[in-house]
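> Structure below; questions to follow.
Protein chains: 2
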Amino acid sequence: MEHRNIIGYDFSEGTGQKLQGVNPKTNSFLPEEFCIASSDDVNNALTKAQEAFQPFSKMDCLKRASFLEAIADEIEALGNELVQRTSNETGLPNAQIIGERGRTTGQLRMFATFIKRRDWVEASIDTAIPDREPIPKTDLRKMMLALGPVVVFGSSNFPLAYSVAGGDTTAAFAAGCPVVVKAHPAHPGTSALVGQAISNAAKKTAMPNGVFSLLFDNSFNIGRELVEHSNTTAVGFTGSLGGGRALFDIANKRPNPIPVFAEMGSTNPVVLLPEALTERSDTIAVDYATSITLGVGQFCTNPGLLFGIKSKELDRFKSQLSTALATTNPDTMLHLGIGNAYSKKSDNILNEESVEVLAQSTTEAEQGQGRPTVALAKGKDFVNNPALHEEVFGPFSLLIACENKAELEACINSLQGQLTGTVIGSTADFENHRIVIELLEQRVGRLIFNGVPTGVEVCPSMHHGGPYPATTDARFTAVGIHSIKRFLRPVSYQNTPNELLPKALQNENPLGIMRLVNGKYSLTSV
Amino acid sequence: MEHRNIIGYDFSEGTGQKLQGVNPKTNSFLPEEFCIASSDDVNNALTKAQEAFQPFSKMDCLKRASFLEAIADEIEALGNELVQRTSNETGLPNAQIIGERGRTTGQLRMFATFIKRRDWVEASIDTAIPDREPIPKTDLRKMMLALGPVVVFGSSNFPLAYSVAGGDTTAAFAAGCPVVVKAHPAHPGTSALVGQAISNAAKKTAMPNGVFSLLFDNSFNIGRELVEHSNTTAVGFTGSLGGGRALFDIANKRPNPIPVFAEMGSTNPVVLLPEALTERSDTIAVDYATSITLGVGQFCTNPGLLFGIKSKELDRFKSQLSTALATTNPDTMLHLGIGNAYSKKSDNILNEESVEVLAQSTTEAEQGQGRPTVALAKGKDFVNNPALHEEVFGPFSLLIACENKAELEACINSLQGQLTGTVIGSTADFENHRIVIELLEQRVGRLIFNGVPTGVEVCPSMHHGGPYPATTDARFTAVGIHSIKRFLRPVSYQNTPNELLPKALQNENPLGIMRLVNGKYSLTSV
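Protein chains in written order, with the numbering used here: chain U, 1 to 526; chain H, 1001 to 1526.
Structure (structure tokens):
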């Protein structure tokens, strides 16, 4: 395993200082030492990225697609070494890691297929009308071009699918943007292995030097310098609200501000409507006990808030949820920092006035573990107490019992932006609670009916985003092919000689793609 | 003419203080007094906008289209009163105002036609696969929804097309967003007339109270409060870099940041390549003397920088441009502030070391007028002196004479983001200067060949935007139908009962629109 920073096709020992991974199950250091990057490494990586930008963004899509496919192949070729390393660094079960590896390689291949279609450049042509009165109309054509070098911050909770070769990196590569990744310090070995896989793929498919770099750091310095560097044109981040907002603020204070796409999690409210509870509170309780504790609650779509209206059916649900949660077990969280933050934040909520424990795993948690817990609060307290709105990253949920429909509406109306919102109800429930559904729709990126928010399908109709603070930009998704739009910008070409136009815009339509020609979609030449 | 602030369907006298328009030709106050808005007006306007948001955004597009069409009709019905008032407040010639009015009503009707097509919601459907292994695939559907209330700042240089009922307002209305406009204090009467036209149109087409408000202010206070208000979800602005950046910074310091779409102008570099100068320096000189002085240089696409390589052909062009510019006349600028800023900024550049006047109108300017001027600088000075990169809003251009091709490339490489970049050349020129074209393409929103940057065609292939500081977000256009994308966000619907889905996503495709169904475009039901 390479222990140095990857700077294009070179390596750097950086500052000479080292960092190590920690096995969260044993809370002991793993033996390998990784080189902490220097400011020179930041500058070298982004200088090379800038040099790679034109050849990489202007190459034929098929070639760039082969790079994405080669990355997927190289990741698979790492075999059990990668699974073992990821497991050692994150405490995640092997089955979950293998599933996530499949999602990661699936994303890479999906984007390869997508860019091969070539129509993602959104070609548009308006032909000239030289004799138009009062002034002639000139020939105008437009398509999407890559933004430039992108900085990606690996997330801790998806060490493969939202880390070095994860969704942000894949979308940026697909768009034609070189990528500099800041490895998450909680999984340096996983990052090094995947980074080497990307480097190998880049060499095998003859990508320009600088298309990819990987830097290690366990402080905020390298991240700040990456976002501040003048060559950086966009940032992808998945993580905490504090971290994402800090990067957003740095990016917006630059002389030339750049977009930061930070996906910062969410409390993913769930509304439990009365008739559904009457009909099937038992299965809802079991489904939610599972969703709350899935992956020790370490998903950004974990259901952190449950809302119901006081009734004997809600009391029955509470009892059923308690029973279901009692038999779950505390488990090791991704790293000690997350484990400690979970204890602290869940305690903070439990210490708020009139909040009490409703349901809990009967087993106490050891240090670094998350103990599944559901707390109980009142609707009027929720509306008035911002502390109860805060995300507790882990297997924690707050059940808010509302006095009536009006209080439920007030609760939903008090919510900030969310990745998801879920409504559990019968047909009659939906009819009776249209306002609640509407208030939820205004606040979320994805509205779910009779399901759980965990489980993010990777397909064109998935929007994984949402109003702030779920993300820093509600208009873009972090999952699925449309996530490429974050790293593209339109450019118009006016009165341009045919041979100087990008192929997508040439008269003959040499790529055979769908284009908007004088306002109508067409596959033909102009 | 209504002199009060328009707050939905009500009026407010605001603080009791007044502002007046000024005739820039005479530099004397116009008699009408307009009421300066209060903080209460800001809050009332945005409270009503929030109340109007759901009914307005969820109404049938055809109804919203009729509102846009009615605005165009009402503006036309203002007839000569509007033309006269705009002329009195801006000093613009009637022909230009009538042309701009046509562009304004044209934009309104273009957006009406566009939203009637209904496919702008980008409907996408991925149907369920209940028996998929290892986990079932759920039904997911996605479409664009309106962001929420939008604040628009009228620009001074387009008192109709980028002011109260201009491009930003029209795109926001089309998307389904209520709009609160801060009137530009340089044309309060024009703003009042157009504001009343929008109000009339809203009433006639039964739009919800609060869909539109118009506030007057001649300080920065009301603008700041509008951007800071918690109901505001996006901001449209056309104006100076200083003003746009200030609003951008306010918006990003909010507890929940919101996007600011600021179009802040540009120096619009033009590269004059050698063979073209050999072949036709005379016509280029005449075309550019016209483009530099068009509308007293008060267009954001005014060509502020001309680049050439030293040669006897460039000398001849300089002489021809001087001759052409000599016969142009100084003219009144939009208001005294702009006139004074023009004098100061052009003097600043002329006072830079080794910069000299190359060409100038032989007539001296009176106060408030802009005197057409082209200055001359050296390539190496341009690269090293940021002062020479600054926009001078008005009929001013800087010709940079480069020693050679390498210095020309260094000049282009030193440019910041631009709305446009232009290359004047022959086929051989383009072949010999591929690097310059590539460097320009990376920095601009629109690349023009053998033309002038002034004149912005309103059509789907027009991108009016560009990297910072041309705009605050290179990914969105301020002109044309795609400018609607600024005010939309995607929302996914998971496992949603058919009758609860928006019509665009229902199984039967009741709107008959093109949809992405399981990754393929389709007009049929699912």
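Each residue gets a CB set at the ideal place from its N, CA and C atoms; glycine is no exception.
(1) Between the segment 1435-1458 of chain H and chain U, which residues of the former have CB atoms less than 8 Å from a CB of the latter, in chain order?
(2) Note down, one range per segment and in chain order, each beta strand (DSSP E) of at least 3 residues found wholly within the segment 482-507 of chain U.
(3) Can you list the residues of chain H that glutamine 54/U reaches, using a CB-CB cut of under 7 Å?
(4) What does the Cβ neighbour count give for aspartate 1060/H, buried or exposed, with the cut at 16 atoms within 10 Å?
(5) Have a look at glutamate 508/U and isoleucine 125/U and give me their C-alpha separation to the nearest angstrom.
(6) According to a CB-to-CB cut-off of less than 9 Å, which residues of the segment 464-478 of chain U neighbour chain H?
(7) Using the beta-carbon of each residue, which ones in chain H are nearer than 9 Å to tyrosine 493/U?
(8) Determine the chain H residues that contact isoleucine 125/U at a beta-carbon separation under 8 Å, and present them in chain order.
(9) Run through DSSP, which three-state label would valine 423/U get?
(10) Pick from Gln1096/H, Ser1087/H, Phe1261/H and Glu1431/H: whose alpha carbon is nearest that of proline 134/U?
(11) What are the boundary residues of the beta strand (DSSP E) that includes methionine 110/U?
(12) Could you check whether phenylalanine 1307/H and proline 1274/H sit closer than 8 Å to each other, using their CB atoms as the reference points?
(13) Just to make sure I have the definition right: I need the residues of chain H whose C-beta is within less than 8 Å of the C-beta of lysine 142/U. Which are they?
(14) Kindly identify the DSSP beta-bridge partner or partners of isoleucine 250/U.
(15) Per DSSP, what kind of secondary structure is leucine 1358/H in: helix, strand or coil?
(16) Using a cut-off of 8 Å between C-beta atoms, extract the partners of phenylalanine 430/U located in chain H.
(17) Would you say glycine 1379/H faces chain U, with C-beta separation under 8 Å as the test?
(18) When the cut-off is 8 Å and only beta carbons count, does proline 274/U lie next to chain H?
(19) Distance check for glutamate 438/U and alanine 341/U, CA to CA, integer angstroms please.
(20) Classify aspartate 1315/H as helix, strand or coil using the three-state DSSP reduction.
(21) Starting from threonine 427/U, find everything on chain H with Cβ-Cβ shorter than 8 Å and list it in chain order.
(22) For a contact defined as C-beta to C-beta under 7 Å, what are the partners of lysine 137/U on chain H?
(23) Where does valine 1151/H sit, in a helix, a strand or coil, going by DSSP?
(24) I'd like the span of the beta strand (DSSP E) that includes valine 1194/H, first residue to last.
(25) Which stretch, first to last residue, makes up the beta strand (DSSP E) that contains arginine 434/U?
(26) What residues from chain U crowd round arginine 1489/H, counting only those whose CB sits closer than 7 Å?
(27) Of all Cβ atoms in chain U, is any one closer than 8 Å to the Cβ of asparagine 1393/H?
(28) In terms of DSSP beta bridges, what is glutamine 1020/H paired with?
(29) Is it right to say proline 1453/H is buried, meaning 16 or more other beta carbons lie within 10 angstroms of its own, or is it exposed?
(30) Run through DSSP, which three-state label would alanine 172/U get?
(31) With 9 Å as the limit, tell me which residues of the segment 345-364 of chain U have their beta carbon closer than that to any beta carbon of chain H; keep them in chain order.
(32) Spatial neighbours of glycine 1014/H within its chain, please: C-beta separation below 6 Å, excluding the five flanking residues on both sides.
(33) For glutamine 1084/H, which three-state DSSP category applies?
(34) Go through its chain and collect everything with a Cβ distance to leucine 447/U's Cβ below 7 Å, but skip five positions before and after it.
(35) Can you give me the C-alpha to C-alpha distance between alanine 377/U and leucine 1505/H, rounded to a whole angstrom?
(36) Using the rule of at least 16 other Cβ atoms within 10 Å of the residue's Cβ for burial, across every protein chain shown, is tyrosine 1521/H buried or exposed?
Working from what's here:
(1) Cβ contacts with chain U: Ile1437, Glu1438, Glu1441, Gln1442, Val1444, Gly1445, Arg1446, Leu1447, Ile1448, Phe1449, Asn1450, Gly1451, Gly1455 and Glu1457.
(2) Taken in chain order, the complete beta strand (DSSP E) segments of 3 or more residues contained in the segment 482-507 of chain U are 488-494.
(3) Those are Glu1438, listed as they occur along chain H.
(4) With fewer than 16 Cβ atoms within 10 Å of its Cβ, aspartate 1060/H is classed as exposed.
(5) Rounded to the nearest whole angstrom, the CA to CA distance from glutamate 508/U to isoleucine 125/U is 12 Å.
(6) Answer in chain order: His464, Gly465, Gly466, Pro467, Tyr468, Pro469, Thr472, Asp473, Ala474, Arg475, Phe476 and Thr477.
(7) Residues of chain H passing the Cβ test: Glu1441, Arg1446, Leu1447, Ile1448, Phe1449 and Ser1461.
(8) Per Cβ cutoff of 8 Å: Ser1461.
(9) Here valine 423/U sits in strand by DSSP.
(10) The shortest C-alpha to C-alpha distance from proline 134/U to any of Gln1096/H, Ser1087/H, Phe1261/H and Glu1431/H is the one to Gln1096/H.
(11) Secondary structure note for methionine 110/U: it is in no beta strand (DSSP E), and the uninterrupted alpha helix (DSSP H) holding it is 94-116.
(12) With contacts defined as CB atoms closer than 8 Å, proline 1274/H and phenylalanine 1307/H fail to qualify as a contacting pair.
(13) Simply Pro1460, Ser1461, Met1462 and His1463.
(14) None, per the DSSP bridge assignment.
(15) DSSP, read as helix, strand or coil, puts leucine 1358/H in strand.
(16) In chain order: Pro1497 and Leu1500.
(17) Not one chain U Cβ lies under 8 Å of glycine 1379/H.
(18) For proline 274/U, the answer is no, since every Cβ of chain H falls outside 8 Å of its Cβ.
(19) Computed Cα separation, rounded: 34 Å.
(20) In the structure shown, aspartate 1315/H sits in a helix (DSSP, three-state: H, G or I).
(21) At a C-beta separation below 8 Å, threonine 427/U has these neighbours in chain H: Pro1497.
(22) Contact note: lysine 137/U reaches chain H through Glu1457, using a C-beta cutoff of 7 Å and chain order.
(23) Strand at valine 1151/H.
(24) Bounds of any beta strand (DSSP E) do not take in valine 1194/H; it lies within the alpha helix (DSSP H) bounded by 1188-1204.
(25) Annotation for arginine 434/U: no beta strand (DSSP E) segment contains it, though the alpha helix (DSSP H) segment containing it runs 434-441.
(26) Within chain U, the residues whose beta carbon sits less than 7 Å from that of arginine 1489/H are Ala474 and Arg475, listed in sequence order.
(27) The residue you asked about is not asparagine; residue 1393/H is phenylalanine in the sequence shown. With 8 Å as the cut-off, phenylalanine 1393/H does not count as an interface residue toward chain U.
(28) Looking at the DSSP assignment, glutamine 1020/H forms a beta bridge with Glu1033/H.
(29) Buried.
(30) In the three-state scheme derived from DSSP, where H, G and I count as helix and E and B as strand, alanine 172/U is classed as helix.
(31) Within the segment 345-364 of chain U, not one residue has a Cβ closer than 9 Å to any Cβ of chain H.
(32) The beta carbon of glycine 1014/H is closer than 6 Å to those of Asn1005, Cys1035, Ile1036, Ala1037, Ser1038 and Asp1041 in its chain, skipping five residues each way along the sequence.
(33) Correct three-state label for glutamine 1084/H: helix.
(34) Short of 7 Å from the beta carbon of leucine 447/U, and not among the five residues preceding or following it, lie these beta carbons of its own chain, in chain order: Gly421, Leu440 and Glu441.
(35) Taking the straight line joining both Cα atoms gives about 37 Å.
(36) If you draw a 10 Å sphere on the C-beta of tyrosine 1521/H, you find fewer than 16 other C-beta atoms in it, and that means exposed.
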